[in-house]
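Enquirer:
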Ligand SMILES: [Zn+2]
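In our numbering, the protein residues as written are 241 to 709.
(1) Just the C-alpha distance for residue 223 and residue 668, rounded to the nearest angstrom, thanks.
(2) Buried or exposed for residue 665, please, with buried defined as at least 16 other CB atoms from any protein chain shown within 10 angstroms of its CB.
(3) Residue 401: beta carbon under 7 Å from a heavy atom of ligand 1?
(4) Pick helix, strand or coil for residue 700, following the three-state DSSP scheme.
(5) Nearest to residue 486 by alpha carbon, out of 291, 662 and 329?
(6) Run through DSSP, which three-state label would residue 482 get?
(7) Look at residue 320 and residue 409 and say whether their C-beta atoms are less than 8 Å apart.
(8) Could you tell me the distance, in whole angstroms, from the CA atom of residue 314 to the CA atom of residue 284?
(9) Return helix, strand or coil for residue 402, following the three-state DSSP convention.
(10) The alpha helix (DSSP H) with residue 303 in it runs from where to where?
(11) Look at the alpha carbon of residue 412 and the alpha carbon of residue 676, and state the distance between them as a whole number of angstroms.
(12) Hey, residue 454 and residue 370: beta-carbon distance below 8 Å or not?
(13) Are residue 712 and residue 544 closer than 8 Å when you measure CB to CB?
(14) To the nearest angstrom, report how far apart residue 310 and residue 704 are at their CA atoms.
(15) Are the beta-carbon atoms of residue 563 and residue 631 separated by less than 8 Å?
(16) So what does residue 612 bridge to, in DSSP terms?
(17) When you measure from the CB of residue 708 to every non-hydrogen atom of ligand 1, does any distance come out below 7 Å?
(18) Does ligand 2 have even one heavy atom less than 7 Å from the beta-carbon of residue 404?
(19) Note down, in chain order, each residue of its chain lying with its Cβ closer than 7 Å to the Cβ of residue 571, except the 5 sequence neighbours on either side.
(20) With a threshold of 6 Å on Cβ separation, who are the neighbours of residue 395 within its own chain once the five nearest residues in sequence on each side are excluded?
(21) Can you name, in chain order, every residue of its own chain whose Cβ lies under 6 Å from the Cβ of residue 681, other than the five neighbours on each side?
(22) Pull up the DSSP beta-bridge partners for residue 461, would you.
(23) Note down, in chain order, each residue of its chain lying with its Cβ closer than 6 Å to the Cβ of residue 505, except the 5 sequence neighbours on either side.
(24) With 16 as the cutoff for other CB atoms within 10 Å, does residue 539 come out buried or exposed?
(25) Can you tell me which of the three DSSP states residue 709 falls into?
(26) Kindly examine ligand 1 and report whether one of its heavy atoms sits closer than 7 Å to the Cβ of residue 378.
(27) Going along the chain, which residues of its own chain have a beta-carbon closer than 7 Å to the beta-carbon of residue 304, five neighbours each way excluded?
(28) Which residues mark the beginning and the end of the beta strand (DSSP E) in which residue 364 is found?
(29) Provide the residue span of the alpha helix (DSSP H) that contains residue 469, from first to last.
(30) Does the separation of the CB atoms of residue 532 and residue 510 fall below 8 Å?
(31) In chain order, which continuous runs of the beta strand (DSSP E) of length 3 or greater are located wholly inside the region 311-355?
(32) With distances taken between CB atoms, is the gap from residue 577 to residue 641 smaller than 8 Å?
(33) DSSP has residue 665 in a bridge; who is on the other side?
(34) Are there any heavy atoms of ligand 1 lying less than 7 Å away from the beta-carbon of residue 374, as far as the coordinates show?
(35) Using 8 Å as the threshold, is the C-beta distance between residue 331 and residue 281 below it?
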């Protein structure tokens with residue numbers, strides 16, 4: 241037996257990492273990543289730590305996060321146009337432990353993770369591949385559809401959260417060991433409650449302990465969700481997780497639940513033996529779902545009824561991939577009232593013509609109209625009125641969501657939906673006033689990390705997105 245000399249240690253090529261989340265307690269082996277390589281490069285400031293199998297060490301968290309991000313970047317890269325860059329350039333920074341806060345976010349410059357208290361000691365948001373790949377999903381969607389960042393609409397913000405949760409699910413399924421384990425756990429029927437559907441178990445439990453309305457007791461969110469659509473402006477701004485609220489994380493569960501059901505049905509449809517789908521068949525449907533979501537996200541217009549609009553784009557895109565997918569997606573969207581029966585029937589009767597219309601209108605800004613709405617300073621405790629920009633795109637086929645009876649409902653006007661979103665941001669303390677508050681006014685909100693901020697521009701005082709959690 242030969243022994244490597246101490247000054248020439250063996251090169252480590254494989255890592256032991258958490259498979260999906262520390263709370264699952266399941267390890268897997270994965271290739272050691274190089275995050276500085278294309279496609280979609282990352283920069284982790286500071287020295288690269290040696291590989292460690294101490295699950296409580298910063299080094300273990302570093303390599304778990306690095307592997308998850310590289311795996312996720314490789315998965316999403318095929319749908320990012322050349323050159324494969326992030327929204328703000330070639331490299332995206334990753335900060336694994338900013339400071340104490342029960343948060344994780346994407347702010348266009350970086351993916352940021354934090355630590356906070358839990359019953360078991362400190363919990364680190366970067367320790368969960370689920371949470372890491374959720375934030376990665378925000379960065380990917382921002383790279384391929386940057387205009388969603390500036391839309392002041394509840395349904396657009398909620399779809400961004402759905403995309404993040406689908407990123408967590410689809411990236412997890414790129415691990416062969418997890419595909420095998422999930423098929424065993426769910427008996428091949430993916431859409432039930434499982435380790436796959438529960439996103440961010442450890443972090444969610446810690447969040448629930450401090451903020452019971454913001455997470456389930458056993459995870460951040462569960463994709464096995466059966467909530468049905470209703471106009472988000474009719475909902476309260478916060479609610480226990482057993483109910484829907486207009487908060488984007490809560491409301492996103494309507495759309496995520498439909499997509500998770502569709503993913504399960506795509507697998508059943510594609511499997512040679514529907515009662516025993518294989519890991520390779522599961523891998524193939526994750527790639528189909530990726531292509532469908534990305535293709536639709538780049539085509540859907542940012543309208544007041546965005547859920548119906550993007551659901552229509554997804555259904556049409558799915559038919560391009562596989563004619564038999566169309567019925568699966570329409571069924572999932574109708575059962576969650578995201579599409580009315582009438583809209584679904586229209587899509588089913590002429591998918592090719594509607595797809596051609598979506599393709600023609602995608603990114604066609606020539607016919608879009610811009611508006612500015614002035615909201616009164618007094619309402620928000622501001623020193624001056626607030627100017628909110630809106631863009632009304634040219635729209636062809638008008639998709640509709642449904643009421644409880646399955647019939648089409650008219651969405652709120654663009655101005656009404658925008659005002660509802662802005663009101664909720666202030667009401668829930670998501671706006672950093674940046675010294676533009678009225679004298680003596682103290683802003684609301686218990687969270688330190690704000691999704692939006694006030695900025696002074698040539699066009700007056702404006703609201704600007706800072707990050708997605
Ligand atoms: Zn998010």
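The beta-carbon is built from N, C-alpha and C at its ideal position, and this holds for glycine as well.
Quantities reported herein were computed from a predicted structural model and do not represent experimental measurements.
Expert: Here's the rundown:
(1) One cannot answer for residue 223 here, as it falls past the ends of the chain, which runs 241 to 709.
(2) What you label residue 665 is simply residue 425 of the chain shown in a count that begins at 1. Only buried fits residue 665, as 16 or more other CB atoms lie within 10 angstroms of its CB.
(3) Here residue 401 refers to the residue found at position 161 when the chain shown is read from its first residue. At least one heavy atom of ligand 1 is nearer than 7 Å to the Cβ of residue 401, so yes.
(4) As a first step, residue 700 is located in the chain shown; it is residue number 460 there, counting from the start. Three-state DSSP puts residue 700 in a strand.
(5) On the chain shown, position 246 is the one that residue 486 refers to. The residue with the shortest Cα to Cα distance from residue 486 is 662.
(6) As a first step, residue 482 must be located in the chain shown, where it is residue number 242. Correct three-state label for residue 482: coil.
(7) Within the chain shown, the letter at position 80 stands for residue 320. Within the chain shown, the letter at position 169 stands for residue 409. No.
(8) Numbered from 1 along the chain shown, position 74 holds the residue referred to as residue 314. Numbered from 1 along the chain shown, position 44 holds the residue referred to as residue 284. Near 17 Å, if we compare the C-alpha coordinates of residue 284 and residue 314.
(9) Against the chain shown, residue 402 aligns to sequence position 162. Here residue 402 sits in helix by DSSP.
(10) As a position in the chain shown, residue 303 is number 63, starting the count at 1. Its alpha helix (DSSP H) spans residues 298-316.
(11) Taking the first residue of the chain shown as position 1, residue 412 is located at position 172. Taking the first residue of the chain shown as position 1, residue 676 is located at position 436. Rounded to the nearest whole angstrom, the CA to CA distance from residue 412 to residue 676 is 43 Å.
(12) Walking along the chain shown from the start, residue 454 turns up at place 214. Walking along the chain shown from the start, residue 370 turns up at place 130. Residue 370 is positioned such that its CB atom lies no closer than 8 Å to that of residue 454.
(13) Since the first residue shown for the chain is 241 and the last is 709, residue 712 is missing from the structure and cannot be characterised.
(14) Within the chain shown, the letter at position 70 stands for residue 310. Within the chain shown, the letter at position 464 stands for residue 704. Computed Cα separation, rounded: 30 Å.
(15) On the chain shown, residue 563 is found 323 positions in, with the first residue counted as 1. On the chain shown, residue 631 is found 391 positions in, with the first residue counted as 1. Cβ distance not < 8 Å, so residue 563 and residue 631 don't count as in contact.
(16) As a first step, residue 612 must be located in the chain shown, where it is residue number 372. DSSP, once it has assigned bridges, lists 629 as partnering residue 612.
(17) Numbered from 1 along the chain shown, position 468 holds the residue referred to as residue 708. For ligand 1, at least one heavy atom lies less than 7 Å from the Cβ of residue 708.
(18) In the structure shown, ligand 2 is absent; the only ligands present are ligand 1.
(19) Along the chain shown, one-based indexing puts residue 571 at 331. Correct list: empty, nothing qualifies.
(20) Here residue 395 refers to the residue found at position 155 when the chain shown is read from its first residue. The answer, listed in chain order, is 546 and 547.
(21) Counting from one through the chain shown, the residue named residue 681 turns up at place 441. Close CB contacts of residue 681 within its chain, under the 6 Å cut and outside five residues either way in sequence, are with 621 (chain order).
(22) In the chain shown, residue 461 corresponds to position 221, counting from 1. Partner(s): 439.
(23) Here the question's residue 505 lines up with position 265 in the chain shown. So the list reads 568, once near-sequence residues are dropped.
(24) For the purposes of this step, residue 539 is identified with residue 299 of the chain shown, where counting begins at 1. Burial check for residue 539: the Cβ neighbour count within 10 Å reaches 16 or more, so the residue is buried.
(25) Along the chain shown, read from residue 1 onward, the residue named residue 709 stands at position 469. Reduced to three states, the DSSP call for residue 709 is coil.
(26) Against the chain shown, residue 378 aligns to sequence position 138. Yes.
(27) As a working mapping, residue 304 is identified with position 64 in the chain shown. In its chain, beyond the 5 residues on either side, 257, 258, 367 and 369 have a beta carbon closer than 7 Å to the beta carbon of residue 304.
(28) Within the chain shown, numbered from 1, the residue matching residue 364 stands at position 124. Residue 364 -> beta strand (DSSP E) spans 361-364.
(29) To locate residue 469, count along the chain shown from 1; it is residue 229. No alpha helix (DSSP H) holds residue 469; DSSP gives it neither H nor E.
(30) Within the chain shown, the letter at position 292 stands for residue 532. Within the chain shown, the letter at position 270 stands for residue 510. It is not a contact, given that the beta carbons lie outside the stated cut-off.
(31) If we require 3 residues or more, the beta strand (DSSP E) runs fully inside the region 311-355 come out as 331-335, 344-346 and 350-353.
(32) In the chain shown, the residue the question calls residue 577 occupies position 337. In the chain shown, the residue the question calls residue 641 occupies position 401. A contact, by the Cβ cut-off of 8 Å.
(33) Against the chain shown, residue 665 aligns to sequence position 425. By DSSP's assignment, residue 665 forms no beta bridge with any residue.
(34) Translated into positions along the chain shown, residue 374 becomes position 134. Answer for residue 374: yes, Cβ within range of ligand 1.
(35) Numbered from 1 along the chain shown, position 91 holds the residue referred to as residue 331. Numbered from 1 along the chain shown, position 41 holds the residue referred to as residue 281. Cβ distance < 8 Å, so residue 331 and residue 281 count as in contact.
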